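S.K.:
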Amino acid sequence: MVVPIAYYLVLSAILFSIGVAAFLMKRNIITIFMSIELMLNAVNLTFVAFAHRWHQVSGQIFVFFVMVVAAAEAAVGLAIIIALFRTRSTLNVDQVDLMKL
Amino acid sequence: MYLVLFLIFGGLCVAGALNLLLQRHPINSALSLIVVMTSLAVLYLLLGAEFLAAAQVIVYSGAIMVLFTFVIMLLNAGEEERTHGSKAAYIVGFPGAAALLGILAYIFLKQRDHLGSAKLGGYLVTTHDLSAVLFRDLLLPFEVTSVLILVAILGAVALARKER
Chain A
9 MVVPIAYYLV LSAILFSIGV AAFLMKRNII TIFMSIELML NAVNLTFVAF
59 AHRWHQVSGQ IFVFFVMVVA AAEAAVGLAI IIALFRTRST LNVDQVDLMK
109 L
Chain B
93 MYLVLFLIFG GLCVAGALNL LLQRHPINSA LSLIVVMTSL AVLYLLLGAE
143 FLAAAQVIVY SGAIMVLFTF VIMLLNAGEE ERTHGSKAAY IVGFPGAAAL
193 LGILAYIFLK QRDHLGSAKL GGYLVTTHDL SAVLFRDLLL PFEVTSVLIL
243 VAILGAVALA RKER
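If you're matching them up, the sequences are chains A and B in order. Be aware that the first sequence starts at 9, since it is given in the working numbering, and climbs by one per residue. Be aware that the second sequence starts at 93, since it is given in the working numbering, and climbs by one per residue.
1. Is it buried or exposed, Gln68/A, if we count other Cβ atoms within 10 angstroms and call 16 or more buried?
2. Give a yes or no on whether 8 Å exceeds the smallest Cβ distance from Ile100/B to chain A.
3. When Cβ atoms are compared, which residues of the region 60–89 of chain A fall closer than 8 Å to chain B?
4. Using a Cβ-Cβ cutoff of 9 Å, what residues of the region 149–166 of chain B are near chain A? List them in chain order.
5. Is there a C-beta anywhere in chain A that falls below 8 Å from the one on Glu235/B?
6. Run through chain A and tell me which residues come within less than 9 Å of Lys211/B, C-beta to C-beta.
7. Could you check where the alpha helix (DSSP H) with His60/A kicks off and where it finishes?
8. Going by DSSP in three states, Ala169/B sits in which element: helix, strand or coil?
9. Return no unless some Cβ of chain B is closer than 8 Å to the Cβ of Arg96/A.
10. Rounded to a whole number of angstroms, what is the C-alpha to C-alpha distance between His20/A and Val71/A?
11. DSSP three-state call for Val84/A: helix, strand or coil?
12. Looking at the secondary structure, which residues open and close the alpha helix (DSSP H) in which Asn100/A lies?
13. Taking the alpha-carbon positions, what's the Met93/B to Val249/B distance?
14. Using the rule of at least 16 other Cβ atoms within 10 Å of the residue's Cβ for burial, across every protein chain shown, is Thr54/A buried or exposed?
15. For Ser153/B, which residues in the same chain have their Cβ closer than 8 Å to its Cβ, ignoring the five residues on either side in sequence?
16. Report the CB separation of Met157/B from Ala122/B in whole angstroms; it is logged as a contact under 8 Å.
17. Can you give me the Cβ contacts of Phe227/B inside the same chain, cut-off strictly under 8 Å, excluding the 5 residues immediately before and after it?
18. I'd like to know whether the C-beta atoms of Ala30/A and Thr39/A end up nearer to each other than 8 Å.
19. Do Val84/A and Gly214/B have their C-beta atoms within less than 8 Å of each other?
20. Taking 6 Å as the limit between beta carbons, can you name the residues of its chain near Ala109/B, skipping five residues before and five after?
21. Any beta carbon from chain A within less than 8 Å of Arg263/B's own beta carbon?
22. Strictly under 8 Å for the Cβ-Cβ distance: is Lys108/A near chain B by that measure?
23. Rounded to whole angstroms, what's the CA-CA distance from His60/A to Leu109/A? Just pull it up for me.
24. In chain order, which continuous runs of the beta strand (DSSP E) of length 3 or greater are located wholly inside the region 122–156 of chain B?
25. Under the three-state reduction of DSSP, which class applies to Val217/B: helix, strand or coil?
26. Who are the neighbours of Val18/A on chain E, taking C-beta pairs under 8 Å?
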């Protein structure tokens with residue numbers, strides 16, 4: 009039994025759209041950060057599916073590098089969140105509006 | 093069998109992602125994101141990416157999500173409160189995401205025959221194949237990422253340190 013690659017791509021589109029919706033609708037800064045990770049994972053699935061389709065290793069190399077950058081990004085981002093919580097004592101993005109017009 | 097595995101773990105992925113969206117408490121969202129990432133590891137195995145499946149479990153559901161749960165517990169994050177800003181986000185967020193999904197799904201399903209199909213064991217990238225490319229052709233980018241990780245460690249320590 010076979011599964012069309014298109015199903016994998018549609019699954020990754022679903023995950024990406026849910027990530028976009030969560031990014032826009034969530035108010036907690038940690039959850040917003042988690043939805044970014046969800047979008048990165050959805051794109052990784054696309055890379056792996058296309059690597060399978062075209063029999064190329066480079067698609068998987070891309071995923072490897074995305075994982076490395078995501079790990080670095082998570083460490084720095086969470087440190088920024090901790091620093092933000094120290095100064096503002098809130099995790100709500102609506103109350104972090106110093107640079108808003 | 094292959095289709096059943098795809099449906100089970102694809103369904104788990106979507107369910108976990110929807111749970112992330114619907115839960116109001118950050119720790120519940122974090123735990124459902126772990127479900128998504130672990131199911132994605134199984135999907136990578138189905139697509140013949142054995143090294144990435146292991147790396148997904150170790151790096152994403154292991155390291156990154158543990159870091160997330162640590163921070164949630166450290167900051168004692170409670171339930172998020174609804175504010176007036178969230179109302180506008182709801183109005184734009186739902187149709188925008190639905191339109192994005194509609195366009196992408198339409199294009200992918202239209203090109204379905206050109207994209208081919210996957211079957212179990214059809215194309216397997218072993219760790220040997222991956223490392224041959226990574227350490228022979230792409231050695232410089234690989235070494236540069238180690239510098240990036242070092243910078244990230246220093247940045248995280250500098251940002252999260254208590255100011256005196």
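For each residue, glycine too, the CB sits at the ideal point set by N, CA and C. Just so it is clear, the structure is predicted and the values come from calculations on it, not from any experiment.
M.R.: On the basis of the data shown:
1. With 16 or more other Cβ atoms within 10 Å, it is buried.
2. Under the Cβ criterion of 8 Å, Ile100/B is not counted among the residues facing chain A.
3. In summary, the residues of the region 60–89 of chain A whose CB is separated from some CB of chain B by less than 8 Å are His60, Arg61, His63, Val65, Ser66, Gln68, Ile69, Val71, Phe72, Phe73, Met75, Val76, Val77, Ala78, Ala79, Ala80, Glu81, Ala82, Ala83, Val84, Leu86, Ala87, Ile88, Ile89, in the order they occur in the chain.
4. For the region 149–166 of chain B, residues whose beta-carbon sits nearer than 9 Å to a beta-carbon of chain A comprise Val151, Tyr152, Ala155, Ile156, Met157, Leu159, Phe160, Phe162, Val163, Ile164, Leu166.
5. Glu235/B does not count as touching chain A.
6. Simply Met9, Val10, Val11.
7. If you look at His60/A, you'll find it in the alpha helix (DSSP H) that goes 37–62.
8. The answer is coil: DSSP assigns Ala169/B none of H, G, I, E or B.
9. Taking 8 Å as the CB threshold, Arg96/A stays off the interface with chain B.
10. For clarity, residue 20/A is Ser in the given sequence; the question names His instead. Straight-line Cα distance between these residues: approximately 14 Å.
11. Val84/A falls in the helix class under three-state DSSP.
12. Here Asn100/A belongs to no alpha helix (DSSP H), and DSSP marks it neither H nor E.
13. Straight-line Cα distance between these residues: approximately 48 Å.
14. When all chains shown are included, Thr54/A counts as buried.
15. Closer than 8 Å at the Cβ level, and outside the excluded window around Ser153/B, lie Ile126, Met129, Thr130, Ala133.
16. Sure, about 6 Å apart at Cβ, within 8 Å.
17. Here Phe227/B has Phe234 as same chain residues with Cβ atoms under 8 Å from its own Cβ, once five neighbours each way along the sequence are excluded.
18. At the C-beta level, Ala30/A and Thr39/A come within 8 Å of one another.
19. If you check the CB distance, Val84/A and Gly214/B do not come in under 8 Å.
20. Cβ neighbours of Ala109/B beyond the five flanking positions: Val128.
21. Nothing about residue 263/B can be read from this structure; chain B reaches only from 93 to 256.
22. Using beta-carbon distances, Lys108/A does not count as an interface residue toward chain B, since no partner is under 8 Å.
23. Spanning the two alpha carbons is a distance of roughly 47 Å.
24. Fully enclosed beta strand (DSSP E) runs of 3 or longer: not present.
25. Per DSSP, reduced to three states, the secondary structure at Val217/B is strand.
26. This model lacks chain E altogether; the protein chains it does include are A and B.
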